[in-house]
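**Q** According to this note's numbering, the sequence shown holds residues 17 to 366 in order. We put the CB at the ideal spot given by N, CA and C, even for glycine. Here's a structure for you.
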Amino acid sequence: MSEMLEQAIIDAAALKEAAIKNAETLVLEKYSSEIKSAVENLLEQEDPMADLGGMDAAADTDITTPDQDAPVSSIIDQIPMASIAEDGMIELPLDKLMEELNIQLDEDEDLEEAVELEEAEELQEEVEELEEEQDLDEVAKVALDEEFLASIAEHLTVDIKPQKRGWAGISEGEIEIAEEELLAMEQDSKVREERAAIRKAVKALEGVNETLMRKNNTLKESLSSKDKEAQKLRRISILMKEELENLSLTNTKLVLQNKALTSDSLNERQKQRLAEAISNAETAEEAKVIFETLQNTVGSTSHKKQPESLSEAVQKSSSIIMSSRRENSERQKANPTLNRWKFLAGIQKD
Numbered sequence: 017m018s019e020m021l022e023q024a025i026i027d028a029a030a031l032k033e034a035a036i037k038n039a040e041t042l043v044l045e046k047y048s049s050e051i052k053s054a055v056e057n058l059l060e061q062e063d064p065m066a067d068l069g070g071m072d073a074a075a076d077t078d079i080t081t082p083d084q085d086a087p088v089s090s091i092i093d094q095i096p097m098a099s100i101a102e103d104g105m106i107e108l109p110l111d112k113l114m115e116e117l118n119i120q121l122d123e124d125e126d127l128e129e130a131v132e133l134e135e136a137e138e139l140q141e142e143v144e145e146l147e148e149e150q151d152l153d154e155v156a157k158v159a160l161d162e163e164f165l166a167s168i169a170e171h172l173t174v175d176i177k178p179q180k181r182g183w184a185g186i187s188e189g190e191i192e193i194a195e196e197e198l199l200a201m202e203q204d205s206k207v208r209e210e211r212a213a214i215r216k217a218v219k220a221l222e223g224v225n226e227t228l229m230r231k232n233n234t235l236k237e238s239l240s241s242k243d244k245e246a247q248k249l250r251r252i253s254i255l256m257k258e259e260l261e262n263l264s265l266t267n268t269k270l271v272l273q274n275k276a277l278t279s280d281s282l283n284e285r286q287k288q289r290l291a292e293a294i295s296n297a298e299t300a301e302e303a304k305v306i307f308e309t310l311q312n313t314v315g316s317t318s319h320k321k322q323p324e325s326l327s328e329a330v331q332k333s334s335s336i337i338m339s340s341r342r343e344n345s346e347r348q349k350a351n352p353t354l355n356r357w358k359f360l361a362g363i364q365k366d
């Protein structure tokens with residue numbers, strides 16, 4: 017507001033000075049030509065006391081050319097009468113002319129001051145109207161759009177750029193100068209547009225980055241939950257594998273024990289020992305090795321059928337004794353000498 021008022025006052029002062037100069041120029045141009053022509057006419061006139069004929073000729077000339085002498089007579093009427101000195105020189109009252117000129121200038125100045133006063137009053141009214149409008153704008157608090165401000169901004173080109181130096185350390189003053197140069201370069205229209213485009217692109221990239229970050233966090237959470245599920249399934253698979261191995265071992269042991277118990281080449285004691293050895297095995301391969309080893313060992317030591325119990329062993333031993341006695345008796349019957357002596361001894365009658 018104060019800046020606008022000061023500018024209006026400055027404009028009014030400049031207008032006043034221009035009006036004064038213009039009025040002075042117009043007055044000088046107007047009266048200088050008239051005074052010059054009047055003085056020339058007076059100098060051209062001859063002395064009336066010297067020659068009456070010349071005066072008559074001049075009178076005739078005045079009568080014949082009234083149009084030419086009309087402005088001269090009007091000017092002469094306005095100028096005070098001159099006096100002729102003793103030496104024949106014409107004396108003009110310049111003091112009175114200057115007084116009249118000053119009076120005319122004062123009147124012109126008064127007129128100019130009145131005009132300037134009216135113009136100043138008009139300017140004051142305009143300033144008051146502008147103040148009222150500005151007050152209304154401040155009350156309304158209307159914010160100008162950035163695009164509108166950018167459209168009305170003056171196109172500015174700044175050729176100042178901070179220059180790099182080859183030294184490692186710089187002073188604070190140089191840093192401040194570089195910052196001011198950067199700020200000045202920011203006011204360049206082209207640089208400002210480029211920076212605005214860069215900021216806009218950076219803002220768009222930041223939005224895309226935020227979206228990708230959210231997606232990444234979502235995928236990380238999903239991956240973490242899937243990892244937990246995979247670990248749980250891994251533990252379950254390990255437990256199932258152990259259970260399957262145990263079932264396979266148990267099944268192998270049962271199959272081998274069944275083969276051992278149903279084998280015809282083994283007795284009861286061997287079957288029992290083989291079944292116990294198989295049951296103590298820790299793996300299926302170990303159970304198979306024990307079964308095959310014991311079966312081959314028992315088969316290589318006895319090719320005949322062994323007694324399965326004590327009664328079988330007793331029966332087998334008694335049958336062996338009886339068979340040996342039978343063989344002895346048959347051998348004795350086959351010997352005639354032995355049979356004769358038995359007959360003589362009364363042991364054998366026939």
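With distances taken from CA atoms, which of Thr266, Ile306, Lys248 is nearest alanine 276?
**A** Counting from 1 along the sequence shown, the entry for residue 276 is found at position 260. The candidate whose alpha carbon is nearest that of alanine 276 is Ile306.
**Q** Exposed or buried, what is isoleucine 294 when buried is set at 16 or more other beta-carbons lying within 10 Å of its beta-carbon?
**A** Along the sequence shown, one-based indexing puts residue 294 at 278. Isoleucine 294 is buried by the Cβ-count criterion.
**Q** Decide if threonine 313 is buried, meaning its Cβ has at least 16 other Cβ atoms within 10 Å, or exposed.
**A** Taking the first residue of the sequence shown as position 1, residue 313 is located at position 297. Under this definition threonine 313 is an exposed residue.
**Q** Cβ of leucine 265 within 8 Å of Cβ of alanine 291?
**A** As a first step, residue 265 must be located in the sequence shown, where it is residue number 249. As a first step, residue 291 must be located in the sequence shown, where it is residue number 275. No.
**Q** According to DSSP, is alanine 54 part of a helix, a strand, or is it coil?
**A** Taking the sequence shown and counting its residues from 1, one reaches residue 54 at position 38. Here alanine 54 sits in helix by DSSP.
**Q** Do leucine 31 and glutamate 145 have their C-beta atoms closer together than 8 Å?
**A** The count along the sequence shown starts at 1 and reaches residue 31 at position 15. The count along the sequence shown starts at 1 and reaches residue 145 at position 129. Result no, Cβ atoms of leucine 31 and glutamate 145 do not sit closer than 8 Å.
**Q** Using 10 angstroms around the beta-carbon of lysine 157, count the other beta-carbons present and answer buried if the total reaches 16, otherwise exposed.
**A** As a position in the sequence shown, residue 157 is number 141, starting the count at 1. Unreliable positioning characterises lysine 157 in this predicted model, as indicated by a pLDDT of 48, which lies under 50. A coordinate reading is not provided.
**Q** I need the boundaries of the alpha helix (DSSP H) containing glutamate 292, first residue and last residue.
**A** Within the sequence shown, residue 292 is the residue found at index 276, counting from 1. Counting along the chain, the alpha helix (DSSP H) containing glutamate 292 begins and ends at 284 to 295.
**Q** Which value, in whole angstroms, describes the spacing of the CA atoms of alanine 212 and leucine 239?
**A** Translated into positions along the sequence shown, residue 212 becomes position 196. Translated into positions along the sequence shown, residue 239 becomes position 223. Using only the alpha carbons, I get a separation of about 40 Å.
**Q** For threonine 299, name the three-state secondary structure that DSSP assigns.
**A** Taking the sequence shown and counting its residues from 1, the one referred to as residue 299 is at position 283. Threonine 299: coil per DSSP, three-state reduction.
**Q** In whole angstroms, what separates the C-alpha of arginine 230 from that of alanine 217?
**A** Locating residue 230 in the sequence shown gives position 214, where the first residue counts as 1. Locating residue 217 in the sequence shown gives position 201, where the first residue counts as 1. Cα to Cα, the separation comes out at about 20 Å.
**Q** Please confirm whether leucine 139 and alanine 28 have their CB atoms less than 8 Å apart.
**A** In the sequence shown, the residue the question calls residue 139 occupies position 123. In the sequence shown, the residue the question calls residue 28 occupies position 12. Cβ atoms of leucine 139 and alanine 28: closer than 8 Å.
**Q** Taking the straight line between their C-alpha atoms, what separation do you get for lysine 304 and serine 281?
**A** Translated into positions along the sequence shown, residue 304 becomes position 288. Translated into positions along the sequence shown, residue 281 becomes position 265. Cα to Cα, the separation comes out at about 18 Å.
**Q** Measure the CB-CB distance between lysine 257 and alanine 297 and report whether it falls below 8 Å.
**A** For the purposes of this step, residue 257 is taken as the residue at position 241 of the sequence shown. For the purposes of this step, residue 297 is taken as the residue at position 281 of the sequence shown. Cβ distance not < 8 Å, so lysine 257 and alanine 297 don't count as in contact.
**Q** Does threonine 41 come out as helix, strand or coil in the three-state DSSP assignment?
**A** Locating residue 41 in the sequence shown gives position 25, counting from the first residue. In the structure shown, threonine 41 sits in a helix (DSSP, three-state: H, G or I).
**Q** Report the rounded CA-to-CA distance for lysine 244 versus asparagine 233, giving the unit in angstroms.
**A** Within the sequence shown, the letter at position 228 stands for residue 244. Within the sequence shown, the letter at position 217 stands for residue 233. Each residue's Cα considered, the two are about 17 Å apart.
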